[in-house]
């Protein structure tokens with residue numbers, strides 16, 4: 015017999031079919047469902063998620079679920095793909111492959127760049143930041159010629175400590191280490207906790223930047239099953255830790271994962287932190303999209319009691335893509351991270367830090383976040399809508415709660431690499447799935463960024479992509 | 015019998031004793047000596063160098079030799095110290111030692127910082143750079159929020175290629191890779207050409223930053239005999255390459271060495287490049303003080319025909335200590351360096367690059383260089399003068415042709431580490447010699463920076479240091 019949540023879901027699916035719930039209608043709240051059907055919170059939630067997974071419902075920030083536009087229903091969500099065993103030889107060469115893809119993308123004139131995981135500059139507070147920086151330059155004429163002094167400007171460290179406190183992490187300003195973007199932070203984190211030849215457990219798929227760092231540091235990545243909805247499988251990690259003693263660190267993106275877009279539920283985050291603490295394995299989190307989450311998302315660091323979590327973050331995606339301002343909380347490895355940072359690139363420039371600190375501490379930052387996230391929500395909806403229209407049946411896509419990344423599984427037989435080449439020849443840039451795995455597991459996938467607002471060019475690009483996939 | 019050059023030197027020494035040549039007098043030019051004594055260029059030069067080594071003569075930029083101030087005569091130049099064999103255990107731990115020294119220096123309030131290898135901000139064109147940056151911010155309001163795109167701003171790459179052309183290096187703008195200071199450039203260079211466990215041949219003493227990088231990358235440093243006047247012994251390097259096949263790179267500072275202050279003569283630079291090319295060993299040069307040389311100093315890269323030299327440089331010491339703008343010419347490793355750079359910290363911020371490019375291309379840059387180098391020359395003279403007055407007999411010191419670093423050999427028995435502690439307790443910061451060798455060979459030495467102009471505080475600090483050495 016069907017479990018209870020499925021029977022509830024069936025009932026509402028019929029209501030949508032019957033037209034009693036129409037696209038755009040607000041779906042009954044979880045509280046209402048609990049009362050109406052006398053079920054537990056978890057059963058009510060499961061029912062909503064079932065319908066969401068099937069494409070009938072859409073979750074909106076702080077507003078609950080809404081019935082989905084019919085065309086969108088044509089797009090089933092991306093699934094977790096079975097992990098094939100990997101030929102050891104396939105562990106090498108991801109950097110060369112990614113560099114090749116990036117280089118080819120740069121040689122070609124591009125009219126629609128759907129590969130760029132950042133929003134266009136108009137969505138960031140460029141003028142406000144610029145005015146602050148100009149004032150600081152006027153007031154402090156030696157700003158550019160005074161030697162940099164610390165692992166972060168005191169005002170920026172304090173501002174970031176306050177921001178992360180609101181997300182459940184208590185950190186002293188002195189624990190914040192400012193870095194050259196999250197990329198440097200991830201490098202330092204991995205250098206601090208691993209030895210060359212060691213293994214790093216990662217999600218599958220994973221952001222190619224992480225795979226490149228792992229390879230460039232002489233480490234090996236082991237890719238673990240990851241659900242496009244709930245993230246890394248903690249059970250699979252436990253199994254891997256039991257069977258592979260060379261695993262020295264776990265590196266994940268628990269909130270708005272790149273490329274999957276998924277966020278681990280809190281219970282799963284807590285279990286992951288507990289598992290790594292128990293096994294004494296360093297847990298590194300990349301949280302650069304954390305503040306793009308519609309619900310305030312707690313980072314793994316919020317569950318860290320023993321200093322075993324290294325939190326890596328950046329302001330490049332959320333506030334200022336032109337500044338390379340990353341930061342990290344390195345837990346019990348802070349002294350080692352500070353030493354490595356000094357050795358690798360000394361102390362960061364102070365003027366951009368002071369500029370951003372002032373902005374973060376003003377009400378303008380929260381206003382900016384709301385505006386950015388609302389714009390990205392609209393972009394995601396519009397892109398999903400056009401993808402549903404233009405792509406052939408059999409295409410599956412994630413519809414993440416926040417951020418700007420859509421992960422597409424192409425119909426059987428279609429190749430992301432082939433699509434990349436054909437699209438590039440037509441001035442369209444996408445990120446092929448092969449970039450996101452050392453084992454090249456995801457050639458049947460592509461990542462599309464919806465940072466840019468929908469317009470005629472993007473619509474035409476998506477139509478071209480769809481017809482290329484049909485022709486494949 | 016004395017060689018010819020010694021007999022000529024004896025003659026002029028007597029003339030100085032007799033007062034026929036007085037302190038401050040211009041010494042006969044090399045051309046005059048050749049004519050007067052009917053000797054070869056090399057004999058005339060050797061005679062001058064002999065007197066210079068004894069402290070009787072001082073070389074000045076483009077003006078030839080001058081008879082030295084009598085007090086300065088009391089200060090014999092630093093000598094090359096015999097290299098003891100090193101216990102392999104001593105290879106580890108330089109980073110921890112240096113971090114400890116740096117951390118102790120930061121905990122203590124300091125009134126006279128003679129450890130900082132950078133000039134005070136007043137000697138840099140802070141206001142001019144600030145005005146350029148303000149204008150760029152006004153004209154391009156999206157500067158801080160547009161994603162960084164390349165391995166360097168085209169205008170800065172072109173400006174640096176022009177500057178280095180004037181020093182004998184022909185490089186296309188696209189060969190210039192912009193980095194986070196010379197520190198990141200040296201990291202990338204070493205990562206590009208070595209494997210963990212490999213050995214890097216370095217000068218002895220060497221800048222501690224290089225030793226830290228080598229250690230942090232899991233490499234081993236082998237320190238080679240280095241003359242405080244002529245730099246690395248190429249013969250010793252040839253011998254080391256013959257006997258140690260694990261040497262994968264040579265990393266040197268051929269112009270105004272830190273801490274020795276010495277510059278390799280052109281013939282020695284050429285021989286070094288030729289040796290490394292012949293043996294197929296990567297040659298990495300740190301040239302950050304290159305433009306502080308009174309004579310235009312050719313970098314090793316000027317002799318590079320096969321792309322085997324990696325030139326690392328920075329604008330932090332010469333132009334803008336508040337900006338972390340380094341750069342490099344990576345020769346045949348350029349593609350690998352660009353890949354590693356992308357993996358390590360992505361592309362650099364564009365605004366500071368555009369700002370500096372505009373300044374470099376204006377006549378103001380050469381004016382700034384002349385002013386900076388003239389100021390540092392005065393500082394060096396004044397510091398040497400006060401050191402001669404305050405320090406006990408037996409102290410030896412280098413008098414470099416440019417830059418701001420003085421290398422002192424303390425009288426027998428005095429320890430740089432002990433002096434560091436005693437001085438720090440009195441608010442004076444110095445760099446103890448132990449920082450400049452993995453084998454801690456230079457505990458009898460200290461490095462003093464004369465970036466700051468001579469004033470009462472500095473004079474008092476040098477007096478205190480002198481009396482601490484006397485009491486040691």
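Chains as they are written, first to last, in this note's numbering: chain S, 15 to 486; chain X, 15 to 486. Don't be surprised by glycine CBs; every beta carbon is placed ideally from N, CA and C. Predicted model only: the values in this text are computed from it and were never measured.
Straight-line spacing of the CA atoms in residue 335/S and residue 161/X works out to 5 Å. Rounded to whole angstroms, the separation of the alpha carbons of residue 287/S and residue 318/S is 7 Å.
Nearest to residue 268/S by alpha-carbon distance, out of 316/S, 370/S, 409/S and 132/S, is 316/S. Look at the region 307-379 of chain S and you find these whole runs of alpha helix (DSSP H), each 4 residues long or longer: 348-359 and 364-374. Note that the C-beta distance between residue 126/X and residue 472/X is below 8 Å.
Straight through space, the alpha carbons of residue 37/S and residue 434/S are spaced by roughly 34 Å. Three or more pairs of CB atoms, one per stretch, sit closer than 8 Å, so the region 340-347 of chain S contacts the region 319-328 of chain S. Interface annotation for the region 157-176 of chain X against chain S: 157, 158, 159, 160, 161 and 162, criterion Cβ-Cβ distance under 8 Å. Straight-line spacing of the CA atoms in residue 328/S and residue 137/X works out to 34 Å. Judged by DSSP secondary structure, residue 275/X falls outside any alpha helix (DSSP H); it is assigned neither H nor E. 201, 210, 226, 227 and 230: these are the residues of the region 199-231 of chain S whose beta carbon lies less than 7 Å from some beta carbon of chain X, given in chain order. At a cut-off of 8 Å between beta-carbon atoms, residue 321/X makes no contact with chain S. Taking residue 259/S as the centre and dropping the five residues before and after it, the same chain places no C-beta closer than 8 Å to its C-beta. With a contact defined as Cβ atoms closer than 8 Å, residue 276/X and residue 243/X qualify at about 5 Å.
Boundaries for residue 194/X: no alpha helix (DSSP H) harbours it, while the beta strand (DSSP E) harbouring it runs 190-194, taken from the DSSP string. Within the DSSP bridge table, the entry for residue 213/S names 234/S and 261/S as partners. Judged by their CB atoms, residue 131/S and residue 383/S are not nearer to each other than the 8 Å cut-off. For the pair of segments examined, the region 211-220 of chain X was found not to touch the region 187-196 of chain X: the number of CB pairs separated by less than 8 Å stays below three. Sequence-distant partners of residue 173/S (beyond 5 residues in either direction) whose C-beta falls short of 7 Å from its own C-beta, in its chain, are 371, 374 and 375.
Taking the CA atoms as reference points, residue 464/S sits about 9 Å from residue 417/S.
Annotated three-state conformation of residue 448/S is helix, per DSSP.
When CB distances to chain S are screened at a threshold of 7 Å, not a single residue of the region 42-57 of chain X falls below it. A Cβ-Cβ separation of about 14 Å leaves residue 70/X out of contact with residue 60/X under the 8 Å criterion.
By the criterion of a C-beta distance shorter than 7 Å, residue 165/S is surrounded in its chain by 191, 192, 352, 355 and 361, once the five residues flanking it on both sides are discounted.
Residues 175, 178 and 343 of the same chain have their beta carbon placed closer than 7 Å to that of residue 185/S, with the five preceding and five following residues left out of the count. Among the CB atoms of chain S, none fall inside 8 Å of the CB of residue 26/X. Distance from the Cα of residue 236/X is smallest, within the candidate group 230/X, 21/X and 212/X, for 212/X. Taking 8 Å as the threshold, the shortest C-beta distance from residue 152/X to chain S falls below it.
Interface flag for residue 122/X against chain S is unset, since no Cβ pair is found closer than 8 Å. The beta-carbon of residue 125/X is placed no less than 8 Å from the nearest beta-carbon of chain S. Contact of residue 237/X with chain S by beta-carbon distance below 9 Å is absent, the smallest such distance being about 18 Å. Ranked by Cα distance from residue 78/X, the options 47/X, 68/X and 168/X are led by 47/X.
Residues of chain X whose Cβ lies closer than 7 Å to the Cβ of residue 135/S are, in chain order, 156, 159 and 160. In the structure shown, residue 52/S adopts coil according to DSSP, grouped into three states. Around residue 358/S, the beta-carbon contacts reaching into chain X at under 9 Å are 194, 197, 198, 201, 227, 230, 358 and 359. Around residue 397/S, the same chain offers 420, 462, 464, 468, 472 and 476 as residues with beta carbons nearer than 8 Å, after the five sequence neighbours per side are excluded.
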